[in-house]
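*Asks:* Okay, so the sequence shown: first residue is 1 according to full-length UniProt numbering, each after it adds one. For glycine and all other residues, C-beta sits at the position ideal for the given N, C-alpha and C. This structure is in structure tokens; I'll ask about it shortly.
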Amino acid sequence: MAFYGPRLVVPIDVKKKPWEQKLPLHNRWHPDIPPVAEVAAGEVFRVEMVDFSGGGITKEYTAEDIKHSNPSIVIVPVDLSRKPWQQKLPLHNRWHPDLPPVAEVKTGEVFRIEMVDWTGGTIKDDDSALDIKSIDLSTVHYLSGPIRISDSDGIPAQPGDLLVVEICNLGPLPGDEWGFTATFDRENGGGFLTDHFPSATKAIWYFEGIYAYSPHIPGVRFPGLTHPGIVGTAPSMELLKIWNERERELEENGLKTMKLCEVLHQRPLANLPSTKGCVLGGIKEGTPEWEKIAMEAARTIPGRENGGNCDIKNLSRGSKVYLPVFVEGANLSTGDMHFSQGDGEISFCGAIEMSGFLELKCEIIRGGMKEYLTPMGPTPLHVNPIFEIGPVEPRFSEWLVFEGISVDERGKQHYLDATVAYKRAVLNAIDYLSKFGYSKEQSYLLLSCCPCEGRISGIVDSPNAVATLAIPTAIFDQDIRPKANKVPVGPRIVRKPDVLKCSYDGNLPTTRNPSSAT
């Protein structure tokens, strides 16, 4: 298995004294102290260190004080050399109240969860997008959990409680510090702009600490706002029934009863329960129990009342999620780790997808659902989580903002349609960036995964909704602002000409803007 991440050049053994280290330490400055290692310019490397006293503050030179300095414990480990269903604690890719917990934690305890990428390792770091084109999307998302949550007295969370999940720390799994962004084939998942971009494409990203760069989208480098795409609690059977009934109604009758946006490709209206690709954690496949649950269990594709796949890019270190509890113990699950994502995750496989870890701490607000969440529907179950964004974010001061209105590419007027408006804003940004040397496929993937900001700027002024997309200009190696002189040619650093791309073999028509740049 390939290693991704910094090279360790100065290791430390905390059981040894400073002068006993493999590469001896020093505590003075002098020009004649010999180097202990050598690195090349541009290489990312890792240096380990003892504390400033060299361990002298302890009675014994042991690793116990270091061990307990980080109170988090790994309760869900993953082995990236194994398939999701081969893990020590099996993963799952459905929501159902009867999935058995794989671990239990108490409130106030800091614990660590490891996760595979959302495809379970299906997508590879190679020179082809065929794995994107042929992926079986019935298998996603692979989640770690469920985790049963109890208070300090051992009393589990109860339906009606509010589960507070604090993100203490997170990141890529050490040694697997890379990710991917992609668009699916129009016949297999598609994306927000699939009528413009019907082919499967892929870009690989490598991480340098907090920064990401891609050889497939040269000339950009940006800090990632790392976050989990999915954090959620298990639904009750009553809530699961509500989900399945309303989504089945949409799938079966939506085209007849709803006026859908005409310029958007008719992707699946809903993803209904199916045994195909189903992984149910500790429930053994082939048993009557597995068959029953598989036909009831909800897919993890959309966000719902339990949280789930909300893809909130700002949900990073220091953030809190206030999740409704529907079953005893809450049964918390998480996954779909992102190194970075733009608002909307427009290409569908649109973040920088990666394996990763979360260090979490939970609290229980007894009766919190009734106290803080107002149902927006016919039952007390029709609630939504609350999210508290943490204090850690990249700092950008200059943005280029693109506007869109609810008029489609044919010039047809739509009434206060924010979807059409946001699509126009994104298309405007893609076409603009193509003037600076980027292919439109590169721009599409970039706007899906870089820390850009999407907004609904106006939703009341008939007939046009107004949406905006703001791009931080500092991520580029060239000035992309409009100027009086001619547009410069870029990007200046070219390592590969474009994203990895497959042919589109379907027959659906492609939408083209007759006034767009070539």
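(1) Using the C-alpha atoms, what's the distance from Thr-183 back to Cys-349?
(2) To the nearest angstrom, how far is the alpha carbon of Gly-160 from that of Asp-477?
(3) How would you write the range of the beta strand (DSSP E) that Val-420 sits in, first residue to last?
(4) Tell me which residues share the same chain as Ala-203 and place their Cβ nearer than 6 Å to its Cβ, disregarding the 5 neighbours each side in the sequence.
(5) So if DSSP puts Trp-399 in a beta bridge, which residue, or which two residues, is it bridged to?
(6) Use the C-beta contact count for Pro-34: other C-beta atoms within 10 angstroms, 16 or more gives buried, fewer gives exposed.
(7) Identify every run of the beta strand (DSSP E) within the segment 69 to 131, keeping only runs that are complete inside it and at least 3 residues long; order them along the chain.
(8) Could you check the C-alpha separation between Ala-429 and Pro-11 for me, to the nearest Å?
(9) Looking only at its own chain, which residues have a Cβ that is under 7 Å from the Cβ of Phe-396, when we skip the five neighbours before and after it?
(10) Let me know the secondary structure DSSP gives Asn-169 once reduced to three states.
(11) What span of residues does the beta strand (DSSP E) with Pro-288 cover, start to end?
(12) Taking 8 Å as the threshold, find out whether the segment 102 to 110 comes into contact with the segment 479 to 486 through three or more Cβ pairs.
(13) Count the C-beta pairs between the segment 272 to 286 and the segment 86 to 94 that are closer than 8 Å, then say yes if the count reaches three, no if not.
(14) Alpha carbon to alpha carbon, what distance is there between Leu-447 and Phe-197?
(15) Taking only three categories from DSSP, how would you classify Glu-48?
(16) Quick check: what's the CA-CA separation for Phe-3 versus Asp-126?
(17) Helix, strand or coil: how does DSSP classify Trp-29 here?
(18) Across the segment 356 to 373 and the segment 142 to 161, are there enough close Cβ pairs to call them in contact, namely three or more that are closer than 8 Å?
(19) For Asn-244, which three-state DSSP category applies?
(20) On the three-state DSSP scale, how would you describe Gly-368?
(21) In this structure, what does DSSP give as the bridge partners for Gly-42?
(22) Pick out whichever of Pro-24, Gly-5 and Ser-274 has its Cα sitting closest to the Cα of Val-14.
*Replies:* Based on what the coordinates show:
(1) Your numbering for residue 349 matches position 349 in the sequence shown. Your numbering for residue 183 matches position 183 in the sequence shown. Going by the C-alpha atoms only, they are around 6 Å apart.
(2) The sequence position of residue 160 within the sequence shown is 160, counting from 1. The sequence position of residue 477 within the sequence shown is 477, counting from 1. Rounded to whole angstroms, Gly-160 to Asp-477 spans 51 Å at the Cα level.
(3) Taking the sequence shown and counting its residues from 1, the one referred to as residue 420 is at position 420. Counting along the chain, Val-420 falls outside any beta strand (DSSP E), though it belongs to the alpha helix (DSSP H) covering 418 to 433.
(4) Translated into positions along the sequence shown, residue 203 becomes position 203. The residues are Thr-181, Ser-214, His-216, Ile-217, Leu-445 and Val-499.
(5) The residue labelled residue 399 in the question sits at position 399 within the sequence shown. Trp-399 pairs with Pro-472.
(6) Taking the first residue of the sequence shown as 1, we reach residue 34 at position 34. Pro-34 should be labelled exposed.
(7) 73 to 76, 103 to 106 and 110 to 115
(8) Walking along the sequence shown from the start, residue 429 turns up at place 429. Walking along the sequence shown from the start, residue 11 turns up at place 11. Between Ala-429 and Pro-11, the C-alpha separation is close to 46 Å.
(9) Translated into positions along the sequence shown, residue 396 becomes position 396. For Phe-396, where only same-chain residues beyond five positions count, the Cβ hits under 7 Å are Pro-472 and Ala-474.
(10) As a position in the sequence shown, residue 169 is number 169, starting the count at 1. Three-state DSSP puts Asn-169 in a strand.
(11) Locating residue 288 in the sequence shown gives position 288, counting from the first residue. It is not in any beta strand (DSSP E) - Pro-288 instead sits in the alpha helix (DSSP H) that spans 288 to 296.
(12) no
(13) yes
(14) By 1-based counting over the sequence shown, the position of residue 197 is 197. By 1-based counting over the sequence shown, the position of residue 447 is 447. When rounded, the distance between both Cα atoms is 14 Å.
(15) Locating residue 48 in the sequence shown gives position 48, counting from the first residue. The answer is coil: DSSP assigns Glu-48 none of H, G, I, E or B.
(16) Position 3 of the sequence shown, counted from the start, is the residue given in the question as residue 3. Position 126 of the sequence shown, counted from the start, is the residue given in the question as residue 126. Going from the Cα of Phe-3 to the Cα of Asp-126 covers about 14 Å.
(17) Counting from one through the sequence shown, the residue named residue 29 turns up at place 29. Here Trp-29 sits in coil by DSSP.
(18) yes
(19) Stepping through the sequence shown from its first residue, residue 244 is reached at position 244. If DSSP states are grouped into helix, strand and coil, Asn-244 belongs with the helices.
(20) Translated into positions along the sequence shown, residue 368 becomes position 368. The answer is helix: DSSP assigns Gly-368 an H, G or I state.
(21) As a first step, residue 42 must be located in the sequence shown, where it is residue number 42. DSSP lists no partner for Gly-42.
(22) Walking along the sequence shown from the start, residue 14 turns up at place 14. That would be Pro-24, whose Cα lies nearest to the Cα of Val-14.
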